Structures are given as structure tokens and as C-alpha cells.
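Let me begin by presenting the structure, written as C-alpha cells, before commenting on it.
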Amino acid sequence: MFILWWIIVGLIAGWITGKLMKGSGYGAIMDIVIGIVGAVIGGFIMRSLGYSGQGGMIYTIIVAVIGAVILTLLLRLVTGRRAA
302 MFILWWIIVG
312 LIAGWITGKL
322 MKGSGYGAIM
332 DIVIGIVGAV
342 IGGFIMRSLG
352 YSGQGGMIYT
362 IIVAVIGAVI
372 LTLLLRLVTG
382 RRAA
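In terms of the working numbering, the sequence shown opens at residue 302 and continues consecutively.
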């Protein structure tokens, strides 16, 4: 059940990030991966800023989107890929 939770959050966060970043996305699997890695990055950033990790689904998705946006910005800087 825990893995399913991460996949759902990753998919939602990856999809929202694709819409926010004005790109076509990286495909369903990569959007999930970017969302999951973004959740880890966002969680690290929020803990570093002193926010607790307690929250519901909305809090988790918002944190994952913040991390995924940062990850997407870094990916675009490295690969040179721009919005389609």
C-alpha cells in the first residue's frame, strides 16, 4: 500500500509539474519518477526549513510539486531542453 501511495503522489506531482512548467512532460513513467524524486527533494527542503513532515494528501502533493519543479528546472539546465 505504501508503494501505491508513492506512485499516486508521484504521478499527480509529475503531472502538475508538467503543467506548471509549460512543457509536454517526460511521459507517464518519467513523470512518476520525477514526482517521487521531487517528493524526496521537497521533503528534505521542508525539513531543512523547519516544517514538520505531518500532513495529509494535499500537503504531500504540494511538497512533491515544489521538489519536482526544482528537479525539472535542474534537468532543463543540464539537458538544455526547453518548454515545447
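We treat Cβ as the ideally placed atom computed from N, Cα and C, and that holds for glycine. As the structure is a prediction and not an experimental result, all values here were calculated from the model.
When Ala329, Ala369, Ile337 are compared, the shortest CA-CA separation from Trp306 is found for Ile337. Here Tyr327 carries a coil assignment [DSSP, helix/strand/coil].
By the C-beta density criterion, Gly311 is buried, having at least 16 other C-beta atoms within 10 angstroms. For Gly368, the enclosing alpha helix (DSSP H) stretches over residues 358-380.
Distance from Leu376 to Gly339 at the Cβ level is roughly 11 Å; contact not present, criterion being Cβ atoms closer than 8 Å.
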